[in-house]
Each structure stands twice: as C-alpha cells, then as structure tokens.
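Asker:
Residue numbers (my numbering): 1 to 201.
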C-alpha cells in the first residue's frame, strides 16, 4: 500500500479516530481536575565551609576549599537517594512515611545541585501541615548528618548545612499539558485501531 492508500483508510474512519481523541482528552481532564490538590515545596540548602585548619601553605585562593565543598555537596545529594536517611526525616517529623517500596521514599524528592554550595530540593505532600513538618525535619537531619560526617583533628565540623525558608504552594496538575499528551496518545491509538480494522476486513 502507498501513502495515499493509508490516508484513504484513515480518512474513511476519521470519526472513530476523532472519537478516540475526544474521549481520551475528556477522560484525562476529568480525572486530573478531580484529583485532590497536593502541596509542593522547594527548599534550598547552603553548604558552608567552617573551622578551617590553620596552615602556612598557599591556599590557591580557596580553590581546594571550593573543591571540598563540591565533593561534600555530592554526599548531601546522595542522602536524598538513601531510604534510611529519608525515613529518619519522617520519624523526626512524627509522620508516617507511608513506605510502599524501597524506592518509594527517594522517588518523592527531586534534588538538583546548582553549584558547589547550593542544593535545591523539591517534593510534594498531601497537605501544607505535613509539607512544613517535613521541611523542618529535613533541615534538622541534614545539619545533624553534616556535623557528624567531616571533622577536624580537634573534633570540629568542617561543613555545616543551612536550610533556607521553604517555599510552599499548592501543586496543581497542568491541564493543558495533560490534555496535549492525551490527545497525542489517543490519536496514535485511534490510528492503530483503524489499521487493525482495515486488516481484519
């Protein structure tokens, strides 16, 4: 069959394909609009170098201190992929972590390191009270882990983590985006169904 033949097949079943699109988009918008509004949170963490050991050697304008901060921030990022650390966050917040699988906790948090000393964490929770408690507990646990990780010879912490005031706002689904994705998928499904019907005949 040539392209013209395929177009004739699809055109002859255009109403069925259109029905797939209308039903798919309508159902997606209905489901998305009836979902409960969740609460989104964005919180940034600053990695600060503290208690530097005195030395008479040239420090290369702080180059190695910056490199050390970068390596430490990578460790902080890895904590958000560690279920035991995240479980501690929920325990200190006196919240049920609602663990469904080993990966369910890490998948809730989106972490990005924007620079050697700036990490931004985003997540969503069912309500604002729960979101605020998790944010407060996050700052506490991260600071505690940082204090215990790297220390000088006299037992002082080399780094500390300071959490900024979290930004908390309703997290609503993007209906236009959902509708566009549903339209594309419904179109493909409609074209496939039309081809199968033509083949069966």
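Even glycine gets a Cβ: it sits at the ideal position worked out from N, Cα and C. Small disclaimer: the values here were computed from a predicted structure and weren't measured.
(1) Return the bridge partner residues of residue 118 from the DSSP annotation.
(2) Give me, in chain order, the residues of the same chain whose beta-carbon lies closer than 8 Å to that of residue 23; leave out the 5 immediate sequence neighbours on both sides.
(3) Does the distance from the CB of residue 223 to the CB of residue 118 come in under 8 Å?
(4) Would you grab the beta carbon distance between residue 44 and residue 143 for me? Rounded to a whole angstrom, and I think it's under 8 Å.
(5) Quick one: grab the DSSP three-state call for residue 76.
(6) Going by DSSP, what residue range makes up the beta strand (DSSP E) through residue 168?
(7) Which value, in whole angstroms, describes the spacing of the CA atoms of residue 97 and residue 107?
(8) Tell me whether the beta-carbon of residue 34 lies closer than 8 Å to the beta-carbon of residue 124.
(9) Hey, how far is the Cα of residue 109 from the Cα of residue 11?
(10) By the 10 Å Cβ neighbour count, where 16 or more other Cβ atoms means buried, how is residue 15 classified, buried or exposed?
(11) If you draw a straight line from the alpha carbon of residue 160 to that of residue 21, how long is it in whole angstroms?
(12) Are the Cβ atoms of residue 157 and residue 116 separated by less than 8 Å?
(13) Could you give the first and the last residue of the continuous beta strand (DSSP E) run that contains residue 162?
(14) Quick one: Cα of residue 190 to Cα of residue 17, how far?
(15) So which of 13, 42, 168, 29 has the shortest CA-CA distance to residue 174?
(16) Can you tell me whether residue 180 is buried or exposed? The criterion is at least 16 other CB atoms within 10 Å of its CB, across all chains shown.
(17) For residue 172, tell me which candidate among 32, 26, 27 has the shortest Cα-Cα distance.
(18) Three-state secondary structure (DSSP) at residue 39?
Answerer: Let me lay it out:
(1) Residue mapping note: residue 118 aligns to position 118 of the chain shown, counting from 1. Residue 118 is bridged by DSSP to 46, 115.
(2) If you number the chain shown from 1, residue 23 lands on position 23. The answer, listed in chain order, is 186.
(3) Not covered by the structure: residue 223. The range shown for the chain is 1 to 201.
(4) By one-based count along the chain shown, residue 44 stands at place 44. By one-based count along the chain shown, residue 143 stands at place 143. The beta carbons of residue 44 and residue 143 sit about 14 Å from each other, so the pair does not count as a contact at 8 Å.
(5) Here the question's residue 76 lines up with position 76 in the chain shown. It is helical.
(6) One-based indexing of the chain shown puts residue 168 at position 168. Run containing residue 168: 167-171, per the beta strand (DSSP E) assignment.
(7) As a position in the chain shown, residue 97 is number 97, starting the count at 1. As a position in the chain shown, residue 107 is number 107, starting the count at 1. Straight-line Cα distance between these residues: approximately 12 Å.
(8) Locating residue 34 in the chain shown gives position 34, where the first residue counts as 1. Locating residue 124 in the chain shown gives position 124, where the first residue counts as 1. The Cβ atoms of residue 34 and residue 124 lie no closer than 8 Å to each other.
(9) Position 109 of the chain shown, counting from 1, holds the residue named residue 109. Position 11 of the chain shown, counting from 1, holds the residue named residue 11. When rounded, the separation of the alpha-carbon atoms in residue 109 and residue 11 is 46 Å.
(10) Residue mapping note: residue 15 aligns to position 15 of the chain shown, counting from 1. Exposed.
(11) Translated into the one-based positions of the chain shown, residue 160 becomes position 160. Translated into the one-based positions of the chain shown, residue 21 becomes position 21. The straight-line gap from Cα to Cα measures roughly 54 Å.
(12) Against the chain shown, residue 157 aligns to sequence position 157. Against the chain shown, residue 116 aligns to sequence position 116. Their beta carbons are not under 8 Å apart, which means residue 157 does not touch residue 116 by this criterion.
(13) Mapped onto the chain shown, residue 162 falls at position 162. Note, residue 162: beta strand (DSSP E), 159-163.
(14) Taking the first residue of the chain shown as 1, we reach residue 190 at position 190. Taking the first residue of the chain shown as 1, we reach residue 17 at position 17. If I take the Cα positions, the gap works out to 5 Å.
(15) Counted from its first residue, the chain shown places residue 174 at position 174. It is 29 whose Cα lies nearest to the Cα of residue 174.
(16) Position 180 of the chain shown, counted from the start, is the residue given in the question as residue 180. Under this definition residue 180 is an exposed residue.
(17) Here residue 172 refers to the residue found at position 172 when the chain shown is read from its first residue. Residue 172 has its Cα closest to that of 32, out of 32, 26, 27.
(18) To locate residue 39, count along the chain shown from 1; it is residue 39. In the three-state scheme derived from DSSP, where H, G and I count as helix and E and B as strand, residue 39 is classed as strand.
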